[in-house]
Structure formats: structure tokens, C-alpha cells
Amino acid sequence: MTTYAAQSPSASGVVLTFHAAASGDKISGIKNAGRLIVKNGSGGAITVTITPPGTTEYGVTNPVKTVSVADGAEEMITLLRAYRNSADSFNIALSWSGTSSVTWAATL
């Protein structure tokens, strides 16, 4: 399990660092909306899942966010404040259906 800080790319040349997907990946540093960029270089589609803690203001369990990323595709996923877990230092936990040849980066 590794926690990676969200990055802030810039026009002046700060380049994103992509991480190999692994079980237990987490994102720190998201204070407002951010972005998760997933690159799938594997031989088939994968699914990334974000399971937010808690409930909505209506008392309904927060919905699970699942996104399918096709083989060879790149997907950008919006990271919402509601995905942060206050019981885990406000990190966002990621789950992967497969990790071989899958990389990702989170941005502010």
C-alpha cells in the first residue's frame, strides 16, 4: 500500500510522474476537485474503483465510482472531495481490477 501526493503540473515544465498501479494505492492532498489520469497498457480493459466513505446529506451511502478503461486507452476521472476518507488522513483509496501495465497520476 502506497500513498502518493496529488501533483500540480505547470506550463513552465513541471511534468507529471506516473505510478505503477498496485493494490492499496491511495491519493493524498486533494482539497477540492482533482483529476485521476489512468493509462492502461495491458492486454484488456481494467476497472478502477473508488469507494467513498460515509453518506450523502440525505443519509444514503455514498455511491461507488467505477470507471472502465479500455485496452491501450487513457482515462481522466474527476476526484471529488466526497471521495476523501477523514478516518484515513483524508486520503482517497483506489482499487484496480488489474494492475499489469497500468499507470496513473493524480493532479490538483
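Residue 2 is where the sequence shown starts when you use my numbering, and the numbers rise one by one after that. For every residue, glycine included, the Cβ atom is placed at its ideal position computed from N, Cα and C. Bear in mind that the values here come from a model prediction, so they are computed numbers and not experimental data.
For T18, the CB contacts under 8 Å within the same chain, skipping 5 residues up- and downstream, are Q8, A106 in chain order. Around the beta carbon of D26, 16 or more other beta carbons lie within 10 angstroms, which makes this residue buried. Secondary structure of R36 (DSSP, three-state): strand. Annotated three-state conformation of Y5 is strand, per DSSP.
Assignment of alpha helix (DSSP H) within the region 17-97, counting only whole runs of 4 or more residues, yields no such run.
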